[in-house]
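Under UniProt numbering, the first residue of the sequence shown carries the number 1, and numbering increases by one thereafter. We put the beta carbon where it would ideally sit given N, CA and C, even for glycine. Small disclaimer: the values here were computed from a predicted structure and weren't measured.
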Amino acid sequence: MKFTSTGLMASLAASASASALPQFARSSYPAPSASASSPARILLGNPGHIYVADFTPKTGKFEISINETIEGGNSWMAFAKPNLLYAVDENSNELRLFNLDLKTNELNLTTKKTASTGVVHLEFNSDKSRMVGAAYGNGTIDVWNTKDGGLELIKTIKSPGKLGPNKERQDASHPHQANLDPSGRYFAVNDLGTDSVVLIDSKNDAFTDKNIPIEAGCGPRHGVFYPRGQDKATHYIIACELSNQALVYSVTYEANTLAFKHYQSISTYGKDAPAKDIKKAAVGEIILAPNNKDVYISNRLSGQKTDSIARFTIAECGTLTYAETVSSGGLLPRMMSFSLTAKHIFVGNQDGTNGLVALKRGSDGKLVEKPVGSLPGSVFGEPQFGPQYVQQIA
């Protein structure tokens, strides 16, 4: 199935719609690899398939070691070592649990449960006993009991914010991502439809919610807490899909809540690499380097031959400064993530020449524009069916 230009925009509207590290909660980031010389095992998802690709840094070669036909929109997954794989189907109300055996390269469905329709993101708590799902399609947030490899729905929270001013894209609540803060207590859920962050307090398993309005019309998609490696955050950085901005908020820990204060707004495009039509552009992903010195943002629908990855340096005070832009190697880079060594960034392009690329990252944070490794989009099926999810898991 190939989207028309109108269909692709509709799809983006609908679908754009790790383990805990010592002393602090880092559900979003896998632990550093103990064997940097072994092939990196990259988990990939797209409509109708779940893959594992093996990447050898020395040769830059990708090899598909697992290619399973899995019905549905496999646009986000959450992996718990050694073998538990939770996967959304963003086109239905099902959440699936698989057994993923990386030794035998086998993937088998264990169970599936129903809850909110259109979940596009999953986030564990620090010990992986709870998981929060952001349901873009349903305007809700699901809380799951995943203790001991289980999958039981605890509660569903209706996103409470007021709709934003964009009548086409903000016609309903659209929770897009859940971020666990470094303390391990709070989840920040970005709602593209209401221009707000829904703060969920997991203390005593209550999962109470509080709505934090942000800039009207921005369309918050994904965000990161800053810094990594500490027990508390000082800032929250949000990549906004509708305004194509990064918004920086200072974070203060108060009694039973977090306080957000707007600190900075900056375009996700540099003057040297603008979008052809900023109104048609749409931010994809934002990631923060392990050394807390660089932020990377993927820019989609830029109107250029390929879409791009913008790098920003970040000061200790939280200020972002634009540094450079490199090609994503394809089109529609919905997700990207670091290798476990942080020496590469893996980018999934839904369309264009390269479906999967590995970009080399220098010690100074700069990216080498020519990919050190890639797989063509045709490997993943028809045009516009490239990887939506990409994450090294081993």
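Ignore the nearest five residues each way along the sequence and tell me which others in THR69's own chain have a CB closer than 7 Å to its CB.
GLY48 and HIS49
Under a three-way DSSP split, which group does ASN292 fall into?
coil
Are the CB atoms of ASN292 and GLY217 nearer to each other than 7 Å?
no
Leaving aside the five residues before and after GLU241 along the sequence, list all residues of the same chain whose C-beta is less than 7 Å from its C-beta, in chain order.
ALA16, LEU192, GLY219, ARG221, ALA282 and VAL283
To the nearest angstrom, how far is it from the Cα of THR140 to the Cα of GLY362?
40 Å
On the DSSP letters alone, give me the boundaries of the beta strand (DSSP E) that GLU123 sits inside.
119–124
With distances taken from CA atoms, which of ILE237, ILE200, ASP231 and PHE98 is nearest VAL319?
Per the sequence presented here, residue 319 reads as Thr, with Val not at that position. Ranking the options by Cα distance to THR319, first place goes to ILE237.
Check whether the Cβ of LEU320 lies closer than 7 Å to any Cβ atom in chain C.
The structure shown contains no chain C, having only a single protein chain.
Excluding five sequence neighbours on each side, which residues of the same chain lie with their C-beta closer than 6 Å to the C-beta of GLY118?
GLU90, ALA135, TYR136, GLY137 and ASN138
Does DSSP put VAL283 in a helix, in a strand, or in coil?
strand
ASP277 (DSSP reduced to helix, strand or coil)
coil
Taking the alpha carbon of LEU359 as the reference point, which residue from PHE380, VAL326 and LEU332 has its own alpha carbon closest?
VAL326
Quick check: what's the CA-CA separation for ASP148 versus SER129?
7 Å
Does DSSP put PHE98 in a helix, in a strand, or in coil?
strand
When DSSP builds the beta bridges, which residues end up paired with ALA53?
ILE42 and ILE64
Any idea what DSSP makes of HIS344, helix, strand or coil?
strand
Relative to the alpha-carbon of SER116, which residue among GLY72, HIS235 and THR156 has its alpha-carbon at the smallest distance?
THR156
In chain order, which beta strand (DSSP E) runs of at least 3 residues are fully inside the region 317–393?
320–327, 331–338, 344–351, 354–360, 373–376 and 389–392
Going by Cα to Cα distance, which pick from GLY330, THR313 and ILE287 is closest to THR306?
GLY330
Simplified DSSP state of ASN204, which is helix, strand or coil:
helix
Would you kindly check if the distance between the Cβ of ARG334 and the Cβ of GLN388 is under 7 Å?
yes
Closest residue to SER126 among SER202, GLN170, THR234 and GLN391 (Cα-Cα distance):
SER202
Starting from the Cα of SER302, find the closest Cα among GLU324, SER374, LEU332 and VAL295 and give me that residue.
LEU332
Please report how far the alpha carbon of VAL120 lies from the alpha carbon of HIS176, in whole angstroms.
6 Å
Which of helix, strand or coil DSSP assigns to LYS147
helix
Is it buried or exposed for ASP351, if we count other Cβ within 10 angstroms and need 16 for buried?
buried
Rounded to the nearest angstrom, what separates ASN349 and ALA206 at their Cα positions?
38 Å
VAL372 and GLY60: beta carbons closer than 7 Å?
yes
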